[in-house]
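Read in order, the letters of the sequence shown correspond to residues 1 to 710 in UniProt numbering. Where a beta carbon is used, it is the ideal one built from N, C-alpha and C, also for glycine. Computed from a prediction, not measured in an experiment: that's the story for all the values here. Everything below concerns the one structure shown next.
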Amino acid sequence: MRNKMAARATALALILTLSTGGVLAATPAAAASGQPALGSVAAGASGSFELQNIQLLPDQNGNIVTFTVGVHNKSAADLALVDYWVRLKSKTGHTYTVRLMPQDKAVNKIGAHSSGQVSYYAKVGSGEKLQDLQVQFIKWDFSQPNSERVLGQISVPASYTGVTPTGQNADFQVGSSELRASTEKFTNGKNEKYYLPAISLQLENIGGAAVTLPEVQFSVRTPEGLLYPLDAKNAKDLKISPKETKTVQLSGAIPLKAGEKGWELVITRIHPELKFNTLLAAYQLPAVSKPAGGESGKETQFMNKSGLYTAKLGGIYRLPWEDQDILTANVTLSNKGEQSLPIPDMTAHFLLDNAVKVEAKLVRTGKVIGIDPGSSLSVEALGKIPYTYAFKEVKLVIQEKESDTQVNDLLELTAKPDLQQLPFVGLGAKYAREEIGRKAQYTVAEINSYEGLSGSIVSAELEIENAEKRFAPVTGLVAHFQLKDGTVFPASVSDIKKTVAPGGKARLNVWAALPKGTDMENVRLLIGDSVTLETGEGKPGDGQQTVKTDAYVRPVTFALPKENKDVKDKLKDLTLFPYTVSMSRINTSINNDVLTLKFNYDISKQLLTETAPEGHKLVLVFEDYKGNKSFEKAYELKNWEPRDGKSAEQVTDNELRIGKKENFTIQLQDADLIFKQRFLDKYHLSVYHEFQGQRKLLAKQSIDWFAYSD
Numbered sequence: 001m002r003n004k005m006a007a008r009a010t011a012l013a014l015i016l017t018l019s020t021g022g023v024l025a026a027t028p029a030a031a032a033s034g035q036p037a038l039g040s041v042a043a044g045a046s047g048s049f050e051l052q053n054i055q056l057l058p059d060q061n062g063n064i065v066t067f068t069v070g071v072h073n074k075s076a077a078d079l080a081l082v083d084y085w086v087r088l089k090s091k092t093g094h095t096y097t098v099r100l101m102p103q104d105k106a107v108n109k110i111g112a113h114s115s116g117q118v119s120y121y122a123k124v125g126s127g128e129k130l131q132d133l134q135v136q137f138i139k140w141d142f143s144q145p146n147s148e149r150v151l152g153q154i155s156v157p158a159s160y161t162g163v164t165p166t167g168q169n170a171d172f173q174v175g176s177s178e179l180r181a182s183t184e185k186f187t188n189g190k191n192e193k194y195y196l197p198a199i200s201l202q203l204e205n206i207g208g209a210a211v212t213l214p215e216v217q218f219s220v221r222t223p224e225g226l227l228y229p230l231d232a233k234n235a236k237d238l239k240i241s242p243k244e245t246k247t248v249q250l251s252g253a254i255p256l257k258a259g260e261k262g263w264e265l266v267i268t269r270i271h272p273e274l275k276f277n278t279l280l281a282a283y284q285l286p287a288v289s290k291p292a293g294g295e296s297g298k299e300t301q302f303m304n305k306s307g308l309y310t311a312k313l314g315g316i317y318r319l320p321w322e323d324q325d326i327l328t329a330n331v332t333l334s335n336k337g338e339q340s341l342p343i344p345d346m347t348a349h350f351l352l353d354n355a356v357k358v359e360a361k362l363v364r365t366g367k368v369i370g371i372d373p374g375s376s377l378s379v380e381a382l383g384k385i386p387y388t389y390a391f392k393e394v395k396l397v398i399q400e401k402e403s404d405t406q407v408n409d410l411l412e413l414t415a416k417p418d419l420q421q422l423p424f425v426g427l428g429a430k431y432a433r434e435e436i437g438r439k440a441q442y443t444v445a446e447i448n449s450y451e452g453l454s455g456s457i458v459s460a461e462l463e464i465e466n467a468e469k470r471f472a473p474v475t476g477l478v479a480h481f482q483l484k485d486g487t488v489f490p491a492s493v494s495d496i497k498k499t500v501a502p503g504g505k506a507r508l509n510v511w512a513a514l515p516k517g518t519d520m521e522n523v524r525l526l527i528g529d530s531v532t533l534e535t536g537e538g539k540p541g542d543g544q545q546t547v548k549t550d551a552y553v554r555p556v557t558f559a560l561p562k563e564n565k566d567v568k569d570k571l572k573d574l575t576l577f578p579y580t581v582s583m584s585r586i587n588t589s590i591n592n593d594v595l596t597l598k599f600n601y602d603i604s605k606q607l608l609t610e611t612a613p614e615g616h617k618l619v620l621v622f623e624d625y626k627g628n629k630s631f632e633k634a635y636e637l638k639n640w641e642p643r644d645g646k647s648a649e650q651v652t653d654n655e656l657r658i659g660k661k662e663n664f665t666i667q668l669q670d671a672d673l674i675f676k677q678r679f680l681d682k683y684h685l686s687v688y689h690e691f692q693g694q695r696k697l698l699a700k701q702s703i704d705w706f707a708y709s710d
């Protein structure tokens, strides 16, 4: 009798140790894995226990078994758990000590007409298999010889793996709530040594209370049972409200020798107080996600340890460059997630006809240091090939630098020949660029041709409007004039050194010498952002650099407007952009051997437009009808700005200035002219716009000698 009482006391002490505390709240008792329960055992007329799941996880000193028991109480009274306990047995004959999980130690009863879950763990031998285990349910009964009555036993089926099949969700308990795990995207790159899995894991709170993700470890388990830990981004202290879904990005490296088939995702909870991990869920990973898109204009996605990126190829273009051609590709990287993403450390190369590799440099044209949620980044890839080389297909391969000696494939983008037409801007239309920090609108305002003894040049006036909210420099440009037959002529571009105000404009001259008789209706202007390559990284020009340009990216072509070749017969409202010039009260006089030409002038300037006046001049040409006298005077536009705060009226030198001035005087000595005075009848006064030493006639007015013009 004494031994029997001692046994009862020991057993009761064990139960009290394993389950002391409050009543478990009424919660659903469905299997935490989302799978059917392995079996159930009746506990009297109004209660039952069911084995919802059981898992085995290797440990340094053997294996750790965890299992969850669902308890159903249909009676009107509480179900006291101290009256019951469980035993873990093996078909090999071993019996293992079972303990409550730390979070369930306070549970000692199930309320009336409710259900709940209780989780247990046990340390078992390293040779044990999950299918060899049995869970025995016992009720204390001191009328029995061993003070216990076995209610039933549930054996783990031979077909049971504890792994949720592909296509199903893996549910697991966290505190008083339940999380559902599912794979949004699974990619698996590789390098010379490792597979590089990347998993976008969605965690949905399907319980009724907010939960903070405990300290967990995510791993890939191979068919041999080998575990490879994954890095988890945004998982620490992740809070998930009921009905809310959060995404965790997982990435890792698995040796190629481990193989890539039959992988499982294993989620384990870290228990510092237990000094080992317990398994929360395991499920079969789906097939690797095949990237959609990959062609021009179509979105595709890739993952790395930082998260999920969306990429879109704007196009791959072949551009003229000296005695070579440039291959350039525009790729937009977008962040469609909820957290900022860093810019990957990328490299790239082109692959021609799946055979010829062309190294490429990457250039970021936008002024960003990361990719915020909902935003994007533009990246340009460029390489050079002989201009005579022909190919049918081109691919852009983008890789991520893991180290100085190791790169990982990220994505492959393809362009077909019919998708490589350059963007085209029609007459009067504007081209809008949207990169952060460089937003602007481009249009060709007008065309001017300038003639000279040594040849002629054509200049397109490219107007750029700053669409940023800050002052911004003009992006450095490379330009060509492109004829209909494909012939290209490199063009020079004027340099705007000042920054442009928000909403302000800059006007650049883009000029080149074209063959005489060129039909300008068949000519297009091709421009792109100038690029200087430094130490393996491309950097876009800013219009203010003096280093040599190596290439250009982001090409676009413009239709050219017809040139206004009208020559005015009055020296009124003459445009030498950004200036407008008018002359009136033009008069000549001769005093002894001095010829004097006087006139009033009015020079205005269009504000908020930056220009490069260098190389531009206004040239006055004086010609007597009969050839008795001729001369010319040139005035550089760069000197027209007011100096020392003085207006045109206050300036006494012989330079033109912005503003109005009366009796502007030009004097020349000519001792013979006074003797020709009776032959002087009319003269022409012409105004030319001179650029780069070549001239365009703007106006030519006929005026009587010694009389005032209108």
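Is it buried or exposed, residue i, if we count other Cβ atoms within 10 angstroms and call 16 or more buried?
| i | result |
| --- | --- |
| T665 | exposed |
| G627 | exposed |
| residue 721 | Residue 721 is absent from the model: the chain starts at 1 and stops at 710. |
| V493 | buried |
| K392 | exposed |
| G70 | buried |
| E521 | exposed |
| E380 | buried |
| E192 | exposed |
| L16 | Residue confidence is low: L16 scores 34 on pLDDT, short of 50, so the model does not pin down where it sits. Its coordinate-derived value is still stated next. It counts as exposed. |
| P555 | buried |
| P272 | exposed |
| G517 | exposed |
| A432 | exposed |
| F424 | exposed |
Could you spell out where the beta strand (DSSP E) holding residue i opens and where it closes?
| i | result |
| --- | --- |
| H616 | 616 to 624 |
| P229 | 227 to 229 |
| M520 | No beta strand (DSSP E) holds M520; DSSP gives it neither H nor E. |
| Q249 | 245 to 251 |
| residue 711 | Absent from the structure is residue 711, since the part of the chain shown begins at 1 and ends at 710. |
| N53 | 47 to 59 |
| S219 | 216 to 221 |
| L574 | 574 to 576 |
| residue 769 | Any answer about residue 769 is impossible in this case: the structure gives the chain only from 1 up to 710. |
| H72 | 62 to 73 |
| H480 | 477 to 483 |
| V41 | 39 to 42 |
| F137 | 133 to 140 |
| G409 | Note on identity: in this sequence residue 409 is Asp, with Gly being the wrong assignment. Its beta strand (DSSP E) spans residues 407 to 415. |
| K185 | 177 to 190 |
| residue 722 | Since the first residue shown for the chain is 1 and the last is 710, residue 722 is missing from the structure and cannot be characterised. |
| Q117 | 114 to 124 |
Could you name the residues that DSSP lists as bridge partners for residue i?
| i | result |
| --- | --- |
| T596 | S589, Q667 |
| S459 | N448, W511 |
| I206 | BP columns for I206 are empty, so no partner. |
| E690 | K617, R695 |
| A80 | K109 |
| F558 | V425, L525 |
| I703 | Y683 |
| R364 | V379 |
| H349 | E359, V397 |
| K568 | A699 |
| Y579 | L576, K605 |
Between which residues of its own chain and residue i is the CB-CB distance below 6 Å, once the five residues before and five after are set aside?
| i | result |
| --- | --- |
| L419 | Residue placement at L419 is poorly supported in this model, since its pLDDT is 47, which falls under 50; the coordinates still yield a value, given next. Closer than 6 Å at Cβ, skipping near neighbours: S296. |
| Q482 | V488, R524, L526 |
| K185 | S200, S289 |
Looking only at its chain, what residues have a beta carbon closer than 8 Å to the beta carbon of residue i, apart from the 5 residues adjacent to it on each side?
| i | result |
| --- | --- |
| L576 | H616, L618, L637, H689, L698 |
| Q339 | N234, G307, P373 |
Whose C-beta lies closer than 7 Å to the C-beta of residue i among residues of the same chain, with five residues either side of it excluded?
| i | result |
| --- | --- |
| H480 | P320, V488, F489, P490, A491, L526 |
| D573 | T580, S582 |
| K236 | none |
Minimum length 3: unbroken beta strand (DSSP E) runs contained in the segment 264 to 347
Listed in chain order, they are 264 to 271, 276 to 284, 299 to 304, 307 to 321, 324 to 334.
List in chain order: all unbroken beta strand (DSSP E) runs of 3+ residues lying wholly within the segment 380 to 405. Runs found: 394 to 401.
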